[in-house]
Amino acid sequence: MAKEIICAGFGGQGVLTAGMLLINAGMEQEKNVLFYPSYGSEMRGGTANCTVKISDKLIASPVSKCPDILFTMNTPAIDKFEERLKPGGLLLVNSSIVPEDRTYRDDIKVVKIPATDIAAEVKNPKGANLVMLGALAAHSDLFTIEYMETAIVSFFEKKGKGKFNEKNVACYRRGVEGK
């Protein structure tokens, strides 16, 4: 197993946290992982992305020329990375922010999820990234749906933020459901 994922969006949308959640889930399964963040000088509102690699074998390079999965929180993220996505790859789109009439490559699987809207409905505005992780778990073979949920809960408990897990899990499960 070897998967390359790029998570991208605006700073403050949790793309780096999503990447950290993925590598922690991989580490807990004793996989080799790589996390390579990139962000502008702005704390919130600037661009942010990270490359995540999870593999049974050693990882030779932090560069991801053709990722398997692209996790996008906004239109600029799609503009920047869609072309690099591997044919047959998975493009996750936050349809709350990306225009409905946008066109995509026809050789990839596109999953649209209104992540920002769902997070607001659950009253967890910082949980849009968790909605997207739910969609990722439901539409890929990276981790099982159940395992990823357990990994999310564990991650936030270790960070001392376990009190948010009820709402975090609600966001994640809505992402798995796709609505």
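Numbering (the working numbering), first residue to last: 109 to 287.
Every residue, glycine too, gets a C-beta built ideally from N, C-alpha and C.
For clarity, every value in this text was computed on a predicted model and none was experimentally measured.
Using CA coordinates, which residue listed in M181, S146, I131 is at the minimum distance from V160? I131
Can you give me the Cβ contacts of M128 inside the same chain, cut-off strictly under 7 Å, excluding the 5 residues immediately before and after it? Taken in chain order, the residues that qualify are F143.
The beta strand (DSSP E) enclosing I114, as first and last residue numbers: 110–118
Checking 8 Å against the spacing of the C-beta atoms, do M256 and L200 come in under that value? no
Rounded to the nearest angstrom, what separates G197 and K275 at their Cα positions? 30 Å
Cβ-Cβ separation, N273 to Q121 (assumed contact under 8 Å), whole Å: With 8 Å as the limit, Q121 and N273 do not qualify as a contact, their Cβ atoms being about 20 Å apart.
Please work out which residues of its chain come closer than 6 Å, Cβ to Cβ, to G154, disregarding the five sequence neighbours upstream and downstream, and give them in chain order. G119, G148
Using 10 angstroms around the beta-carbon of V277, count the other beta-carbons present and answer buried if the total reaches 16, otherwise exposed. buried
Between the beta-carbon of M181 and the beta-carbon of A116, is there less than 8 Å? yes
Out of L166, D164, K173, state which residue places its alpha-carbon closest to the alpha-carbon of C158. Minimum Cα-Cα distance from C158 among the listed residues L166, D164, K173 corresponds to K173.
State the beta-bridge partners of C158 as determined by DSSP. C115, P145
Please identify the residue among P222, K234, L193, A228 whose C-alpha is closest to the C-alpha of D214. Put simply, of P222, K234, L193, A228 the residue whose alpha carbon is nearest the alpha carbon of D214 is L193.
Could you name the residues of the same chain whose beta carbon sits closer than 7 Å to that of S204, not counting the 5 residues immediately before and after it, in chain order? P222, A223, T224, D225
Among H247, K139, V206, P175, whose alpha-carbon lies nearest the alpha-carbon of P184? In terms of Cα proximity to P184, the closest of H247, K139, V206, P175 is V206.
Residue range of the alpha helix (DSSP H) that L244 falls in? 236–247
What is the C-beta distance between D164 and K188, in whole angstroms, given that I count them as a contact (C-beta under 8 Å)? In this structure, D164 and K188 do not form a Cβ contact; the two beta carbons are roughly 29 Å apart against a cut-off of 8 Å.
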